[in-house]
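Chains as they are written, first to last, in our numbering: chain V, 42 to 383; chain L, 548 to 837; chain H, 29 to 287.
Note that beta-carbon positions come from the ideal geometry of N, C-alpha and C, so glycine has one too.
Worksheet for the structure shown next.
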Amino acid sequence: MTPRRAVGTRGASAFGYAGLIALLVVLVIAFFVASLAVGYAPLALPQAFRDAVSGQGTLAALVLTELRVPRALLGALVGFSLGIAGAAMQGLLRNPLAEPGITGVSGAAALGAVIVFYFGLAGTVPFALPLGGIAGAIVATFLLYGLAGHGAGTMTLILAGVAINSFAGALTSLALNLSPNPFAVAEIVFWLLGSLADRSLSTVWLVLPLMLAGWTLLILTGPALDSLTLGEDTAKSLGFNLGRLRLMLIAGTALSVGSAVAVAGAVAFVGLVVPHLLRPLVAHRPGRLLFVSGLGGAALTLAADTLVRWLPIRPELKLGVVTAIIGAPFLFNLIYRLRSTA
Amino acid sequence: MPIDQQSTAKWATVVIALAVAPAAAQTLPADKPARIVSLNMCTDDLLLRLADPARIASVTWLSRAQRGSNVADIAARLPVNHGLAEEIIPLDPDLVIAGTFSTRTAVGLLKRTRIPLVEFGIPRSIEEIRGHIRAMARLVGESEQGERIIGQMDERLAAMPSGTGARPRAIVLNPNGATVGRGTLVDEIMTRAGLDNVAATLGIDSYGLLTLETIVSNAIDVLIVSSARDEPPALATEILKHPVIERLSDRVRIVSMPARLWNCGTPAVAEAVELLRREADAFKRGRATQ
Amino acid sequence: MMDIAATGITARFGSTTVLRGVDFSARSGEMVGLIGPNGSGKTTLLRILANVRAPEEGEVRYAGKTARAFGARELARRVAYLAQGGEVHWPLRVETLVALGRLPHREAFGGSEAADRAAIARALVAADIVQFRDRTMGQVSGGERMRILLARALAVEGDLLLADEPTAALDPLHQLQAMQLLRATLREGRGVIVVLHDLALAMRFCDRLVLLAEGGVLVEGTPAQVLTDAHIRRAYGVEVVRGERDGVPFLLPWTPRGI
Chain V
42 MTPRRAVGTR
52 GASAFGYAGL
62 IALLVVLVIA
72 FFVASLAVGY
82 APLALPQAFR
92 DAVSGQGTLA
102 ALVLTELRVP
112 RALLGALVGF
122 SLGIAGAAMQ
132 GLLRNPLAEP
142 GITGVSGAAA
152 LGAVIVFYFG
162 LAGTVPFALP
172 LGGIAGAIVA
182 TFLLYGLAGH
192 GAGTMTLILA
202 GVAINSFAGA
212 LTSLALNLSP
222 NPFAVAEIVF
232 WLLGSLADRS
242 LSTVWLVLPL
252 MLAGWTLLIL
262 TGPALDSLTL
272 GEDTAKSLGF
282 NLGRLRLMLI
292 AGTALSVGSA
302 VAVAGAVAFV
312 GLVVPHLLRP
322 LVAHRPGRLL
332 FVSGLGGAAL
342 TLAADTLVRW
352 LPIRPELKLG
362 VVTAIIGAPF
372 LFNLIYRLRS
382 TA
Chain L
548 MPIDQQSTAK
558 WATVVIALAV
568 APAAAQTLPA
578 DKPARIVSLN
588 MCTDDLLLRL
598 ADPARIASVT
608 WLSRAQRGSN
618 VADIAARLPV
628 NHGLAEEIIP
638 LDPDLVIAGT
648 FSTRTAVGLL
658 KRTRIPLVEF
668 GIPRSIEEIR
678 GHIRAMARLV
688 GESEQGERII
698 GQMDERLAAM
708 PSGTGARPRA
718 IVLNPNGATV
728 GRGTLVDEIM
738 TRAGLDNVAA
748 TLGIDSYGLL
758 TLETIVSNAI
768 DVLIVSSARD
778 EPPALATEIL
788 KHPVIERLSD
798 RVRIVSMPAR
808 LWNCGTPAVA
818 EAVELLRREA
828 DAFKRGRATQ
Chain H
29 MMDIAATGIT
39 ARFGSTTVLR
49 GVDFSARSGE
59 MVGLIGPNGS
69 GKTTLLRILA
79 NVRAPEEGEV
89 RYAGKTARAF
99 GARELARRVA
109 YLAQGGEVHW
119 PLRVETLVAL
129 GRLPHREAFG
139 GSEAADRAAI
149 ARALVAADIV
159 QFRDRTMGQV
169 SGGERMRILL
179 ARALAVEGDL
189 LLADEPTAAL
199 DPLHQLQAMQ
209 LLRATLREGR
219 GVIVVLHDLA
229 LAMRFCDRLV
239 LLAEGGVLVE
249 GTPAQVLTDA
259 HIRRAYGVEV
269 VRGERDGVPF
279 LLPWTPRGI
């Protein structure tokens, strides 16, 4: 469907790591521009860009800077967060099915954000909304690691995710029912499927510092994740502190995914599909997979969000619908391959 | 006079709801019902303007909300219901008034009892409002009061002269990006206030959805934002607070319209027309001085 | 050059005490075999020596310093650990996997790349797996896999190599190759501590043996001193037969005791 599939069949050696990163950066930029070019009002992009840069507040410049640019930026940030977090979870849990959606981390983050938003807490402290998402994500990752860490099998991992997702989803529904605004009840669709519609630049500034902190923590776990290929004992013998690794991973995942879900809802499958596709291209090295999965996640999310507006379906499809339609077949494929190796 | 004929026709439409109901169960209301129940916020409003509170057994709980209700003070002193049949039947009402869009299961249940039940739809024009007021006034035996209310409303509407010159381009922004187009009460209110409803130009009939991009790029002069943006937070109302609206405020007049003035077909729509007329005039003055 | 000295090591799993007040020492230039029946605590002791597990009581000193005084990273450079079972979770390229042994040596800004490449090359040669360097772990056989994991431990180029049952599940050819490889590392001044369940290999290849049984050290010394009929009967409950080839004695477990 996308150029990435053709690249995968040619193998990693043809590109090298630097080449892969360059290619992904180009893809992200291309989909970013596509996201800017697609929308609900006819927009001459070059003219709007010139107007915006020269400070003229024409309507076209306004649409570009206040509506399209924030949406595209947020798409890239949310996608990067989901991609890198998926790769990190898979590296730590040594399981290709681990990702924020399946394991319930996104669902719990949505719960945290819902509690903050609908009960009027979003204005109380700076960053309250993403902090709510982060708090939810932290609880879920602790639970998950407690239940399915230490080399527990795939079944335990999936069951833990099902349990966390069910519980978080039920509590989210309850919170929405109890909220003082009557519109809230119908909005569970946003939180469960995700959307980037009607975002503003203030949302971008709200999550950017927290996401950057999360990404940094995750990237720093790269060498430790590589060493975990050989198991926990060997990793320890190579000088890595596993307790500290787990904390960095929990914190990094919570910061990235928590912020992303707080502003865009729980967009599913990005953290599953992207690492799965890119793993062969980095020769299965968990450390290298982190950054490229971030880039791949950004590209995929931007592409999906562009598609959502390009399709003539109104009202606009939720972003999670498109990522689920793309991602579910990958999940089927993964399960099938796990079956034949089990 | 044509108006009388039209209002009679509207009243007849309303009563058809009565006639079509299962004849075996339905009974006609008494001339002056003494235990009236209303199941709909809009019918609450009209009822409380027409009938003596002593004859009203219950109105909906929504009518007590200060922000959303025109009749909150009166409703505060009356028993309230939540639209459930089990709340209503024990009150032994001799007339139940419901909206065509409210609590379908309760209405269905009540229709199977012997309680007289009348449904009112949403008026699509000010003429229909007059018809509804007359119909309800006749139901509760207060026809004179009904004519008084209509007279007051018409006085206020006539006090505004028809506007001259170009009509400012306006659009309504409601929660979730909903807007109001042709053939609706809101459309007529805007027209009477001297505004040009851009949603109608965009081809929207009745209700439709707008995106912020459409609003920004359609060079409007007046943006009527639902007062829902001051309520507790929800994603539906976030669009009403988007920063781009603030950025538009140097060239667009942003008007906050209290939903209670035009959500229902009540005499309060006159106040809505007055409010918009003031805003339209202010906009034209501002444009003239540039 | 480094020596390792463990004193008073006690290890418990829940309510079971596996090791009770065990002392152990080894130094560079010698190959020490940790032997004993199943459940005698060999793997546990090795993990404690490798600083992968903390003992409930007692301490381990490396060249006279505790692990904490050394620092985890520095200790990881000096002590290499080859875990039991050989788990590899991702099908990495062989050379990439061997390169994992250089992780303790990485500098913040990648300054030691040349030294790393040289060490990896040496490890590939020593383990005789140069021809596999571009294959992935999914494309190698069991014996090749063990050599690759051994190469990874060699790549650390530490003073001590601690190997847990490196010959398990290997065919005879690869068992012998692995043991010969371990002996070869001694020549570079390294020390090797290896957990073995195979008495024949222990006798043939180790300079010293430590026989664990019943929660403590039953006997330690040269293979001749340790592998007497009496000790073997007591620790393992078997009778052995002995022989000699080219002046080198060997033994084989023959029958359970008392039959």
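Compare the C-alpha of residue i against each of the options and name the closest.
| i | options | result |
| --- | --- | --- |
| Ala71/V | Thr347/V, Val323/V, Gly368/V | Thr347/V |
| Leu118/V | Val302/V, Pro353/V, Pro356/V, Leu172/V | Val302/V |
| Pro708/L | Val769/L, Asp828/L, Ala581/L | Asp828/L |
| Met26/V | Gly116/V, Glu140/V, Glu228/V, Met130/V | Outside the shown range of chain V, which is 42 to 383, sits residue 26/V, and nothing can be said about it. |
| Ala183/H | Arg211/H, Ala151/H, Gln205/H | Ala151/H |
| Pro715/L | Leu759/L, Ser672/L, Leu770/L, Cys811/L | Leu770/L |
| Ala238/V | Pro356/V, Gly280/V, Thr99/V | Pro356/V |
| Gly98/V | Pro814/L, Glu793/L, Val802/L | Glu793/L |
| Ala111/H | Arg96/H, Arg236/H, Thr72/H | Thr72/H |
| Thr38/H | Arg175/H, Gly275/H, Thr250/H, Glu242/H | Glu242/H |
| Ala17/H | Ala147/H, Ala91/H, Leu177/H, Arg130/H | Given that chain H is displayed from residue 29 to residue 287, the structure contains no residue 17/H and the question cannot be resolved. |
| Val116/H | Gly132/V, Ala89/V, Arg350/V | Gly132/V |
| Arg651/L | Ala632/L, Met700/L, Ala705/L | Ala632/L |
| Leu795/L | Thr106/V, Phe90/V, Arg326/V | Thr106/V |
| Val155/V | Ser243/V, Glu228/V, Glu273/V, Leu330/V | Glu228/V |
| Ala815/L | Arg582/L, Asn617/L, Pro580/L | Asn617/L |
I need the DSSP call for residue i, collapsed to helix, strand or coil.
| i | result |
| --- | --- |
| Ser56/H | coil |
| Glu242/H | coil |
| Arg89/H | strand |
| Asp734/L | helix |
| Ala571/L | In this prediction, Ala571/L has a pLDDT of 39, which is less than 50 and means its spatial position is unreliable; what the coordinates show is noted afterwards. Coil at Ala571/L, not helix or strand. |
| Ser236/V | coil |
| Gly615/L | coil |
| Gly69/H | coil |
| Arg236/H | strand |
| Pro294/H | This structure leaves residue 294/H out entirely; chain H is present only between 29 and 287. |
| Asn206/V | helix |
| Glu115/H | coil |
| Leu110/H | strand |
| Val687/L | coil |
| Asn222/V | coil |
Using DSSP bridges, identify the partner residues of residue i.
| i | result |
| --- | --- |
| Ile603/L | Ile583/L |
| Phe41/H | Thr44/H |
| Phe838/L | There is simply no residue 838/L to check, as chain L begins at 548 and stops at 837 in what is shown. |
| Tyr754/L | Val727/L |
| Leu720/L | Val772/L |
| Thr164/H | Arg121/H |
| Tyr377/V | In the DSSP output, where bridge partners are listed per residue, Tyr377/V has none listed. |
| Glu272/H | Pro277/H |
| Tyr264/H | Answer is none; Tyr264/H lacks a bridge partner. |
| Leu808/L | Paired residues: none, contrary to the question. |
| Asn79/H | According to DSSP, which records beta bridges pairwise, Asn79/H is partnered with nothing at all. |
| Ile221/H | Val60/H, Leu190/H |
Taking 7 angstroms as the line, does the beta carbon of residue i fall inside it for any heavy atom of the ligand SAM?
| i | result |
| --- | --- |
| Thr94/H | The model depicted lacks the ligand SAM and carries no ligand whatsoever. |
Is any beta-carbon of chain C found at less than 8 angstroms from that of residue i?
| i | result |
| --- | --- |
| Ser278/V | Chain labels in this structure do not include chain C; the protein chains are V, L and H. |
Query - Cβ-based contacts, 7 angstroms cut-off: residues of the region 103-127 of chain V near chain L - result: Leu103, Val104, Glu107, Leu108
**Report entry** Where the region 66-95 of chain V meets chain L: residues whose CB sits under 8 angstroms from a CB there
**Finding:** Gly80, Tyr81, Ala82, Pro83, Leu84
Report task. Could you name the residues of the region 227-240 of chain V whose beta carbon sits closer than 7 angstroms to any beta carbon of chain L, in the order they occur along the chain? Result -> Glu228, Phe231, Asp239
Report task. With 9 angstroms as the C-beta to C-beta threshold (strictly closer), list the residues of the region 80-103 of chain H near chain V in chain order. Result -> Val80, Arg81, Gly99, Ala100, Arg101, Glu102, Leu103
**Report entry** chain H contacts from the region 258-275 of chain V (Cβ-Cβ distance under 9 angstroms)
**Finding:** Pro264, Ala265, Asp267, Ser268, Leu269, Thr270, Leu271, Gly272, Glu273, Asp274, Thr275
Query raised in the report: In the region 278-311 of chain V, which residues sit with their C-beta less than 8 angstroms from some C-beta in chain L, listed in chain order?
Result: none
Report task. Could you tell me whether the region 212-228 of chain H touches the region 187-194 of chain H, using the rule of 3 or more Cβ pairs below 8 angstroms? Result -> yes
Query raised in the report: Quick check: the region 307-322 of chain V against the region 140-159 of chain V, are there 3 or more CB pairs under 8 angstroms?
Result: yes
Query raised in the report: Using a Cβ cut-off of 7 angstroms, which residues of the region 687-717 of chain L contact any Cβ in chain V, in chain order?
Result: none
Report task. Pair every Cβ in the region 162-170 of chain V with every Cβ in the region 319-334 of chain V, then say whether three or more of these pairs are closer than 8 angstroms. Result -> no
Query raised in the report: Can we say the region 86-93 of chain V touches the region 357-366 of chain V, given the rule of at least three CB pairs closer than 8 angstroms?
Result: no
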